[in-house]
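S.K.:
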Amino acid sequence: MGSIQSGTEQAVSSMRNSTERAESTLNIAKGAGLALNTINVAVEEINERNMVIASAAEEQAQVAREVDRNLVNIRDLSAQSTTGANQTSTASTE
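Residue numbers for the sequence shown follow the numbering used here, beginning at 71 and rising by one.
(1) Could you pull out every residue in the same chain whose Cβ sits closer than 7 Å to the Cβ of residue 153, ignoring the five residues on either side in sequence?
(2) What separation, rounded to the nearest whole angstrom, lies between the Cα atoms of residue 127 and residue 99?
(3) Could you tell me the distance, in whole angstroms, from the CA atom of residue 156 to the CA atom of residue 162?
(4) For residue 128, which of helix, strand or coil comes out of DSSP?
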């Protein structure tokens with residue numbers, strides 16, 4: 071009878087240990103799940119910021135192209151003005 075009781079106590083003790091380990095593992099898994107959710111939210115925020123940065127970079131590139139076109143136009147108009155001034159100077163000396 072004593073060995074049955076001893077075996078039963080060991081079985082109960084093992085079950086308690088298993089239950090405690092299962093609860094501990096569950097808590098660790100819950101913590102990992104929360105951490106993964108936090109990481110997921112952070113990644114989504116990073117993706118949103120990357121989209122904003124990409125959009126701003128594209129806008130800046132468009133502005134830079136427009137500035138370049140305007141500078142080319144200014145250069146062309148300046149060359150035309152120089153040519154016109156030279157023609158006027160030549161005509162006035164004749």
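All C-beta atoms, glycine included, are put in the ideal place defined by N, C-alpha and C.
Just so you know, these numbers come straight off a predicted model, no measurement behind them.
M.R.: Considering the structure as presented:
(1) Your numbering for residue 153 matches position 83 in the sequence shown. Result list for residue 153: empty, nothing under 7 Å.
(2) Against the sequence shown, residue 127 aligns to sequence position 57. Against the sequence shown, residue 99 aligns to sequence position 29. Approximately 41 Å between the Cα atoms of the pair.
(3) Taking the first residue of the sequence shown as position 1, residue 156 is located at position 86. Taking the first residue of the sequence shown as position 1, residue 162 is located at position 92. Using only the alpha carbons, I get a separation of about 10 Å.
(4) Within the sequence shown, numbered from 1, the residue matching residue 128 stands at position 58. DSSP places residue 128 in helix when its eight states are reduced to three.
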